[in-house]
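*Asks:* Same order as they appear, the protein sequences are chains A and B. Those letters in the first sequence? Residues 0 to 586, per numbering that gives the first Met the number 0, in order. Those letters in the second sequence? Residues 0 to 247, per numbering that gives the first Met the number 0, in order. All C-beta atoms, glycine included, are put in the ideal place defined by N, C-alpha and C. Dumping the structure here so I can ask a few things about it.
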Amino acid sequence: MKDARHGIVRSILLSSLLVTGAFASAGIEPIGRGFEDLTLKAGLIHKHSNRVFKNPYAHIMAGYTALGAAVAVGDYNRDGFEDLFMTDSKEDGRNHLYRNNGDLTFTDVAVEAGVAIGNDAQDASADALWFDYNNDGWLDLLVVRFGHNQLFKNLCNGKFADVTKESGIDRYMNAITAVAFDYDHDGYVDLFVGSYFQPINIFNPDTPRFFPESFETANNGGGVIVFHNNRDGSFTDVSEKVGIKLSGWTLDLGHGDANNDGWDDLYVACDFGTDHFFMNNCDGTFKDITSSAIGLDSKKGMNVDWGDYDNDGLLDIYVTNITDDYMREGNFLWHNNGNMTFSDVARETGTYSTGWGWAAKFLDYDNDGWLDLYVVNGWVSGSDESYVPDIFAMVTRPNVDFADARNWPPMGNKSLSGYEKKRLFHNERGQIFKDEAPRYGLDSVRDGRGIGVADFDNDGREDLVVSNANSAPFFYHNLLPAGPDGPHWVELVLEGTRSNRFGVGAQVRFTVAGKTYLRFVNGGNGFASQSSTRIHLGIADRKVVERTEIRWPSGATQVFENLGADRIYKIVEGNPKPAHFSAKATK
Amino acid sequence: MRKPILFAALLLALSSARADSAASHENALKALAAKDYTTALSEFETALASDPDNIEYGSEYRQAVIQATAYDRCIKFFEKLVADNPKSSNAELNFGFAYVDKIPASGTITQVILANTALTHFSKAIELKPSWIGYYTRGNSYLFWPKIFGRTPLGVADLEQAMKLQKQDNKKIYHVRAYVSLGDAYWKLDDLSRARETWTEGLALFPDNPQLKNRLSKEGDDLKNYIEDALDPNKRVDTNLREIWTDK
């Protein structure tokens, strides 16, 4: 009976999709039918709450710690459907492991899985990262925290074990972001952790001087720690050895191969000071080439995502900053010049101004083969009263010591860059981006933090999950036309054998109708969020991908000819036959 | 008998200082033309030390500083100049501009600090000698502040004062600036009709002015984008005051 009812529902849905498809093919676009907000139906019911501090500086810190609402996408139970981990930050707040039921609903199984407890009096969750630290093919979980990070080993039975202590990563750090990729090509992903505050206990600070010493050149933050994976379940801090020694106010890390040498480089986005660019020397070390690659800046870097927005075969980088009436920094869209230098084309492309930016992700939501951008924003949405005059009263006070928290005005219930509308930038053939967020109802004004991009129902359309500070998340299901009537798509699930198991760092070059498209597997790029590691390519009206070339981190290259459209393929390194991925949504 | 001799000696000393100052100015211009910034800046500083209220020397010095990107040297120089010459209104004015000149080369928060400090010196210049350039400069500076700071009404007051002064004066080429800025100030206060009225009045007097024409030809978001672009602190404002001495 239940199946029959589902069948009827499916028929109705199918009819409506066919009608939508017919409109699309007739050139009439389905207004307002692009995405549906399925948050509550999907069961993503838990609201994030900011941490409330209990120390002498709590009233000041409250304005600067509206952080910790993160979302990480990963198929932890290997059932073919992408699951979600979402964080809370309040002292007794539980984190949530939302298992994808395969029908666009999720069940929070965090307690049973043993990963719910991520907040206490001395730790606050800030971000999360799925990565396979022991290379067994099952995603493990890192909960990034102000305090001590947590590493949970996937026991391959729906449960996790806390292995933080034995892993060697246990130390006090006010961590806010992490990415995992195999920088030295030893077959195991390594861990890069960025921290915001320096490693002092911010829950009970023994000094008031733990705020940024400058708004533009601060170097008293938490920096970046590089943990080399020892391939035995443990890690070693190799930051200095690999040439990454930073003390800025890190907000995000993003990796990608800027010069197509097969070795991933690293972009570090920092608040209160310059971002950094590290070139991978292909020998287990990095070189800081910030000055020549991107130049020094004094902006408030919040997010890093890499993607080839203009389909020229080189990965570009998108970084959000603060752009408001009182602070016109503008975002960076770093166009890759192909010689390890980048040019900022944010103004020219219309991606410059997105308010107080947070996560921004490249995706191809309409499967036209051009990477679009979704950007969330907003710092604190409080009362009608603005905090801006208060902060600038401090800024213009002579000889003020910014590092001293006591000099910062309390925010109270005031707003600072609040109620900002999110942006969905549609890529107009690599030249300019046009905001389509209002058209699709993706222009919420909640204080957005993270964005998880994934095809949650395996229908070839990229859906979105947004984490919001002090608020409930959003789950936006993509309903745009795709599939048999076009636009078409292909997705690849990569599995490394010589390379790391999830193929992080692998580059895929698709040739469709004589044009080549570059996509890659990233290990957690984007502020407070991680998207799917599945490769997605929209191919518009083409039904075949003539050539698919995979460059694995191991150095191996594989080529597949004539992959048919509208399918998910599983490709195992070294296996010449791609397999069809069978998981289908039941709705 | 002694008094006239002393007076004559003083006059002689003054005219000699002026001559020295003019010579240094000439040397500065020559060095600048040869892109010898080190010499140019030193010569300008010598000229200004002898003639601190000379608005031309101060303005040209700052333009050379912009080319040499020697903003901090310039600020330091004016700091001493106004300390040594506390009655010099134009030295204060140029001191304020020295901070403004550094704004596009600074981060967003430093921009605020610089702009705020510049205002202090513009106010001091007005206090020492109320003038069209003083009111116009300070009034225009207020317009660069975001609305939230509530400084636009102060800008309107200054620009209305500048307008009042210019209406009592013969028509000068630079008077068009007050029409542009006062109109922008009204626009910023959401009084579009008064803004258009001001720009229209300006255009009647300066019919070829492109800034006025552009403003009057735009509406809504187009006008907003145009004015916001003109008031973007990341873009360099032309602080060359040459019109002041070329159109006396």
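1) What's the gap between the Cα of D565 of chain A and the Cα of A578 of chain A?
2) Any C-beta of chain A within less than 7 Å: which residues of the stretch 205-224 of chain B qualify?
3) Could you tell me whether the stretch 533-550 of chain A touches the stretch 137-145 of chain A, where touching means 3 or more Cβ pairs closer than 8 Å?
4) For D71 of chain B, which residues in chain A fall below 8 Å Cβ to Cβ?
5) If the cut is a Cβ gap below 7 Å, which residues of chain B does D324 of chain A touch?
6) As a quick exercise: from A:V51, A:R405, A:A345, A:A268, pick the residue whose alpha carbon is nearest that of D119 of chain A.
7) Taking Cβ-Cβ distances shorter than 7 Å, what residues in chain A pair up with N233 of chain B?
8) Within the continuous beta strand (DSSP E) that includes S466 of chain A, where are the two ends?
9) Tell me, please, whether the stretch 440-455 of chain A touches the stretch 523-538 of chain A by the rule of three or more beta-carbon pairs shorter than 8 Å.
10) With distance defined between alpha-carbon atoms, name the residue in A:T510, A:G513, A:V520 nearest to F501 of chain A.
11) Please list the segments of the alpha helix (DSSP H) lying wholly inside the stretch 56-120 of chain B, counting only runs of 4 or more residues, in order along the chain.
12) Ignore the nearest five residues each way along the sequence and tell me which others in S416 of chain A's own chain have a CB closer than 8 Å to its CB.
13) Any residues in the stretch 368-389 of chain A with a beta carbon nearer than 8 Å to a beta carbon of chain B? Which ones, in chain order?
14) Please state whether DSSP places S414 of chain A in a helix, a strand or coil.
15) Please state if the CB of L128 of chain A and the CB of V114 of chain A are separated by a distance shorter than 8 Å.
16) Who are the neighbours of E215 of chain A on chain B, taking C-beta pairs under 9 Å?
17) Kindly examine the ligand MG and report whether one of its heavy atoms sits closer than 7 Å to the Cβ of K164 of chain A.
18) In angstroms with no decimal places, state the Cα-to-Cα distance between G605 of chain A and G255 of chain A.
19) On the premise that V303 of chain A lies in contact with A268 of chain A, defined as a C-beta separation below 8 Å, what is that separation, rounded to the nearest angstrom?
20) Where does I27 of chain A fall in DSSP's three states?
21) For R17 of chain B, I'd like the list of residues in its chain whose CB is within less than 8 Å of its CB, leaving aside the five on either flank, ordered along the chain.
22) Taking the runs of the alpha helix (DSSP H) that are 4 residues or longer, which of them lie wholly in the stretch 184-241 of chain B?
23) Confirm, please, whether the CB-CB distance from A292 of chain A to M339 of chain A is below 8 Å.
24) According to DSSP, simplified to helix, strand and coil, what is V379 of chain A?
25) Have a look at the DSSP bridge pairing and note the partners of D82 of chain A.
26) Could you work out which residues of chain B lie near T395 of chain A, taking near to mean beta carbons separated by less than 7 Å?
27) Run through DSSP, which three-state label would V344 of chain A get?
28) Taking the alpha helix (DSSP H) that E111 of chain A belongs to, which residues open and close that run?
29) Do E347 of chain A and K298 of chain A come within 8 Å of each other at the CB atom, strictly closer than that value?
30) With the cut-off set at 8 Å, would you say V192 of chain A and A217 of chain A are in Cβ contact?
31) List the DSSP bridge partners of K514 of chain A.
32) Does the separation of the CB atoms of T109 of chain B and E215 of chain A fall below 8 Å?
33) If you draw a straight line from the alpha carbon of D101 of chain B to that of G95 of chain B, how long is it in whole angstroms?
34) Applying a beta-carbon distance threshold of less than 7 Å, which residues of chain B neighbour F519 of chain A?
35) Which residues bound the beta strand (DSSP E) around L190 of chain A?
36) Whole angstroms are fine: how far does the CA of P397 of chain A sit from the CA of P408 of chain A?
*Replies:* On the basis of the data shown:
1) 14 Å
2) none
3) no
4) Neighbours of D71 of chain B on chain A: none; closest Cβ ~15 Å, over 8 Å.
5) P145, K146, I147
6) A:V51
7) R327
8) First-last of the beta strand (DSSP E) with S466 of chain A: 462-467.
9) yes
10) A:V520
11) 70-83, 88-101
12) I321, D323, G354, W355, N376, G377, W378, V379
13) Answer set for the stretch 368-389 of chain A: S385, V387, P388.
14) In this structure, S414 of chain A counts as strand in the three-state DSSP scheme.
15) The answer is no: Cβ separation not under 8 Å.
16) What E215 of chain A touches in chain B: S105, G106, T107, I108, T109.
17) Of ligands this structure carries none, so the ligand MG is not represented either.
18) Given that chain A is displayed from residue 0 to residue 586, the structure contains no residue 605 of chain A and the question cannot be resolved.
19) 5 Å
20) Only weak support exists for where I27 of chain A lies, its pLDDT of 37 falling under 50; the coordinates are left without a value.
21) S49, D50
22) With a minimum length of 4 residues, the continuous alpha helix (DSSP H) runs that stay inside the stretch 184-241 of chain B are 191-204, 209-216, 219-229.
23) The Cβ atoms of M339 of chain A and A292 of chain A lie closer than 8 Å to each other.
24) For V379 of chain A, the secondary structure class from DSSP, reduced to helix, strand or coil, is strand.
25) D82 of chain A is bridged to A:G73.
26) In chain order: V111, I112, N115.
27) coil
28) 109-112
29) no
30) no
31) A:V511
32) yes
33) Checking the sequence, you will find Lys at residue 101 of chain B rather than Asp. Their backbone Cα atoms lie some 10 Å apart in a straight line.
34) Here the premise fails: no neighbours, minimum Cβ distance about 33 Å.
35) Boundaries of the beta strand (DSSP E) around L190 of chain A: 189-196.
36) Between P408 of chain A and P397 of chain A, the C-alpha separation is close to 15 Å.
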